[in-house]
Amino acid sequence: MLLHELENAKVAPYRWNGKFSQSAETILMQHLVQCGLSPLSVALSQWLEFSSVHVEHPLSFILFSNLLEKLVKPIQNGLLKEEEEKLFWEATKKLLPSCFNGIRKLRKLINGDKIILQQLSAILNSYFVPVVSTLTLPEGTDLFPSSVYGWLTTNENETNCDIRNTLEVAVTQGTEDWFCHILENNATGDTSEEAQLNYLIRVTQLVRTDLQKAIEYHDKIFQQNSILNYHLYFFTQEVSQLVEPLVTDVCKSLKPIKISNRATEENFDNDCLSMGTTLFELYLVVQKLAILATGLCPEESNAFLIHNFHLWFHAGVAQWLDIALYKALQRIKKAVELDNLVPVDSSVKYSSSAVDTLAIFYQIKIFWKQLAWPDVESSYTFVAKIIDDICRCSVFFADQMGAKVEGMGETENVYEKKFEWCLAINNIDYVQQSILPFVGELGMEDIMTALANYRNQMAADHCRQTLQLVIDNAIDTVGNKILELLEKVAEKMAPAIDRFLLEGAELLNQENNYVDRMMKYLDENLLTLHSHLNTDNFNRILSIIWENLSHSMYEVVEMNVAKRRPPQFFLNLHETLKILVGFF
């Protein structure tokens with residue numbers, strides 16, 4: 001009758017919940033009255049018949065859990081006859097394969113399907129496995145025959161009746177089968193180290209995805225059965241055993257990248273750069289897996305091989321930093337080449353290359369934050385390298401910026417490129433001002449504090465002084481480049497100023513407008529410099545121009561004393577000096 005009902009209603013697997021049609025219910029009720037069946041007999045009969053049907057057409061395990069609730073106490077209290085109890089266990093044997101096969105093949109089912117989750121919960125958390133596993137089996141009963149459970153290892157000539165142990169084996173076997181599936185379906189015929197690294201990246205990503213899905217859909221169900229993180233340990237161990245040997249070999253084979261002062265003109269092996277980049281990608285995916293493992297099982301995570309995964313990659317970090325430096329220098333050079341020396345907007349006095357360079361610095365910072373290196377002493381070594389590289393990039397930017405504006409504004413009378421020179425100076429100053437804040441964002445102080453706790457305060461202070469010296473040297477070097485460019489701007493004004501000084505000494509008392517022309521020249525140029533330089537740099541160039549003017553005045557006096565010029569010449573020169581003092 002049940003098969004007829006299922007076929008007519010076209011009930012999907014695991015959907016039937018025990019309700020017959022009205023006509024079928026009437027027939028069953030008449031039969032029950034005629035035979036005088038007790039509620040226990042009815043429940044047992046349903047258990048037997050539904051189990052038989054379940055083999056061909058899976059029924060809902062919620063249904064079986066509800067039936068078991070009615071049967072468990074009579075069974076425990078010995079209310080079933082011996083023959084009835086044997087029938088109960090024979091029927092139960094028919095149900096168990098679908099339970100354990102479903103658990104083994106859980107990953108092949110649709111994640112998030114409510115019906116699947118309900119069935120899984122009914123098997124593991126309702127009356128089925130928790131209750132059946134507590135019942136005493138008739139002597140000689142073999143619940144898990146090898147002919148049906150080929151994946152289950154048992155001792156010869158011994159019956160297997162341990163439901164909970166079989167459940168754990170099903171979980172383990174399913175995990176192992178799925179991991180083999182991942183390996184086989186992502187295998188590559190390419191035996192190169194680059195290809196093998198990419199293979200491990202894919203495998204690790206898939207394992208992490210599987211763990212996340214387990215957390216989202218299945219973890220709570222399994223935790224309630226004390227199978228905590230039922231495949232976490234296996235996956236992390238297997239991934240570790242695959243990744244560690246290859247990473248160790250690759251790191252040993254990496255060739256150091258030596259970057260000279262002409263790094264942007266050097267051509268490094270693209271395979272070498274690519275290998276380092278791929279190795280870092282693998283580091284990140286393994287790191288995410290390790291973080292997930294620690295989050296899921298914090299108390300036991302120290303026992304996982306993956307816990308110290310960063311040590312496998314230690315030898316590769318130095319090359320990653322060299323690659324980051326090389327790429328940064330290349331990008332800085334390109335940024336300067338593409339810079340049209342136009343302010344990025346009306347509110348600032350620097351152009352695109354300064355902004356691009358700072359963005360390049362922050363890409364390196366992002367790399368360091370992603371690395372999240374846990375070892376204190378190694379962290380100091382690496383962050384010291386990063387700080388040194390940032391300082392080197394800052395000096396390189398200053399040199400590139402200076403070279404870009406060299407030759408601009410050579411015609412002293414026109415002096416047509418003051419605006420570009422000002423932006424170049426401001427750009428360098430902008431990058432210089434970013435060094436200290438950037439170092440702070442790298443977390444240097446946190447590392448120093450951790451180092452003091454790990455070793456001692458004296459060692460930490462020594463390390464801090466060493467890093468500060470590197471920073472100060474870079475800031476001074478970049479500052480000197482700014483002064484060098486300011487001096488060149490001032491030098492371009494010097495010939496005109498010298499000419500005005502001589503004209504003033506010769507013609508001051510004659511009808512000549514040289515004073516007006518000199519003041520106009522100074523006013524126009526200083527106004528331009530004031531408009532386009534920031535305050536600090538304008539004050540610097542003002543001091544340089546005044547120092548140059550003083551030097552020129554001294555040379556004019558010395559030269560004309562030797563020529564025995566008349567007193568009026570020097571009187572005129574003195575008047576000119578008073579005018580300039582008043583101006584400045």
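Heads up, the sequence shown is in the UniProt record's numbering, so the first residue is 1 and it goes up one at a time.
We treat Cβ as the ideally placed atom computed from N, Cα and C, and that holds for glycine.
(1) Rounded to whole angstroms, what's the CA-CA distance from I259 to D389? Just pull it up for me.
(2) Pull up the DSSP beta-bridge partners for S145, would you.
(3) Under the three-state reduction of DSSP, which class applies to P130: helix, strand or coil?
(4) Hey, T477 and V431: beta-carbon distance below 7 Å or not?
(5) If we call anything under 7 Å between Cβ atoms a contact, is L442 one with V376?
(6) Short check: CB of E487 to CB of I544, under 7 Å?
(7) Assign L3 to one of two classes, buried (16 or more other C-beta atoms within 10 Å of its C-beta) or exposed (fewer than that).
(8) Compute the minimum distance between the beta carbon of F50 and the heavy atoms of the ligand HEM, and state whether it is under 6 Å.
(9) Would you please state the rounded distance, in angstroms, between the beta carbons of A293 and T236? I believe it to be under 8 Å.
(10) So is L79 buried or exposed if we call it buried at 16+ other beta carbons inside 10 Å?
(11) Quick check: the Cα distance between C35 and L296, rounded to an integer number of angstroms?
(12) Would you tell me roughly how many angstroms separate the C-alpha atoms of K93 and N66, rounded to the nearest one?
(13) What span of residues does the alpha helix (DSSP H) with H551 cover, start to end?
(14) Quick one: grab the DSSP three-state call for Y430.
(15) For N225, does the three-state DSSP call read helix, strand or coil?
(16) Pull up the distance between the alpha-carbon of A43 and that of G174, whole angstroms please.
(17) Once you ignore the five residues that flank S552 on each side, which residues in its own chain have a CB closer than 8 Å to its CB?
(18) Return the chain-ordered list of same chain residues with a C-beta closer than 7 Å to the C-beta of E56, the five sequence neighbours on each side being excluded.
(19) How big is the Cα-Cα spacing for C180 and L124?
(20) Evaluate R564 with the Cβ neighbour count: other Cβ atoms within 10 Å of its Cβ, from every protein chain shown; 16 or more gives buried, anything less gives exposed.
(21) Express the C-alpha separation of P256 and A384 in angstroms, rounding to a whole number.
(22) Return the first residue and the last residue of the alpha helix (DSSP H) that I387 is part of.
(23) Would you mind reading off the limits of the alpha helix (DSSP H) that contains N66?
(24) Start and end of the alpha helix (DSSP H) containing T576?
(25) Are there 16 or more other CB atoms within 10 angstroms of the CB of G582, so buried, or fewer, so exposed?
(26) Just checking, does the stretch 14-24 make contact with the stretch 46-64 on the three C-beta pairs under 8 Å criterion?
(27) Determine the burial state of F569: buried for a count of at least 16 other Cβ atoms within 10 Å of its Cβ, exposed for fewer.
(28) Based on DSSP bridge pairs, tell me the residues matched to S351.
(29) In chain order, what residues of the same chain have a beta carbon less than 7 Å from the beta carbon of V439, not counting five sequence neighbours either side?
(30) What's the gap between the Cα of F382 and the Cα of V355?
(31) Could you please give the first and the last residue of the uninterrupted alpha helix (DSSP H) stretch that includes W178?
(32) When the distance is taken between beta carbons, is L282 closer than 7 Å to L200?
(33) Can L48 and L87 be called in contact, C-beta distance under 7 Å?
(34) Scan the stretch 266-300 and note each continuous alpha helix (DSSP H) run of 4 residues or more that stays entirely inside, going in chain order.
(35) Are there 16 or more other CB atoms within 10 angstroms of the CB of G276, so buried, or fewer, so exposed?
(36) Looking only at C-alpha atoms, which of R202, R107 and K288 sits nearest to A170?
In this structure, then:
(1) Answer to the nearest angstrom: the Cα atoms are 11 Å apart.
(2) Looking at the sequence provided, one finds Pro at residue 145 rather than Ser. None; P145 has no bridge partner.
(3) In this structure, P130 counts as helix in the three-state DSSP scheme.
(4) Taking 7 Å as the Cβ cut-off, T477 and V431 do not qualify as a contacting pair.
(5) Going by C-beta atoms, L442 is not nearer than 7 Å to V376.
(6) For E487 and I544, yes; Cβs fall inside 7 Å.
(7) Counting Cβ neighbours within 10 Å, L3 comes out exposed, since fewer than 16 surround it.
(8) Ligands are entirely absent from the displayed structure, and the ligand HEM is therefore not among its contents.
(9) The beta-carbon distance between A293 and T236, rounded to whole angstroms, is 5 Å. This is short enough to meet the 8 Å contact definition.
(10) It is exposed - the Cβ of L79 has fewer than 16 other Cβ atoms within 10 Å.
(11) So the two alpha carbons sit approximately 56 Å from each other.
(12) Cα-Cα distance, rounded: 18 Å.
(13) T535 to A562 is the span of the alpha helix (DSSP H), which, as asked, contains H551.
(14) Secondary structure at Y430: helix, using DSSP grouped into helix, strand and coil.
(15) Reliability fails at N225, whose pLDDT of 44 lies under 50, so the model's placement of it is uncertain and the value that follows must be treated cautiously. If DSSP states are grouped into helix, strand and coil, N225 belongs with coil.
(16) Taking the straight line joining both Cα atoms gives about 33 Å.
(17) Answer for S552: A494, I497, D498 and L501, listed in chain order.
(18) Hits under 7 Å: none found.
(19) Each residue's alpha carbon lies about 25 Å from the other.
(20) If you draw a 10 Å sphere on the C-beta of R564, you find fewer than 16 other C-beta atoms in it, and that means exposed.
(21) If I take the Cα positions, the gap works out to 18 Å.
(22) Unbroken alpha helix (DSSP H) run through I387: V376 to V405.
(23) F61 to Q76 is the span of the alpha helix (DSSP H), which, as asked, contains N66.
(24) Per DSSP, T576 belongs to the alpha helix (DSSP H) from P567 to F583.
(25) With fewer than 16 other CB atoms across the displayed protein chains lying within 10 angstroms of its CB, G582 is exposed.
(26) Yes: at least three Cβ pairs fall under 8 Å.
(27) With a threshold of 16 other beta carbon atoms within 10 Å, F569 meets it and is buried.
(28) Looking at the DSSP output, S351 bridges to P343.
(29) I387 and I471, listed in sequence order.
(30) Spanning the two alpha carbons is a distance of roughly 25 Å.
(31) Residues I163 to N186.
(32) L282 sits close to L200, with the two beta carbons spaced by under 7 Å.
(33) In this structure, L48 sits near L87, with a CB-CB distance shorter than 7 Å.
(34) The stretch 266-300 contains these whole alpha helix (DSSP H) runs: 270-296.
(35) For G276, the number of other beta carbons within 10 angstroms of its own is at least 16, and it is reported as buried.
(36) Of R202, R107 and K288, the smallest CA-CA separation from A170 is found for R107.
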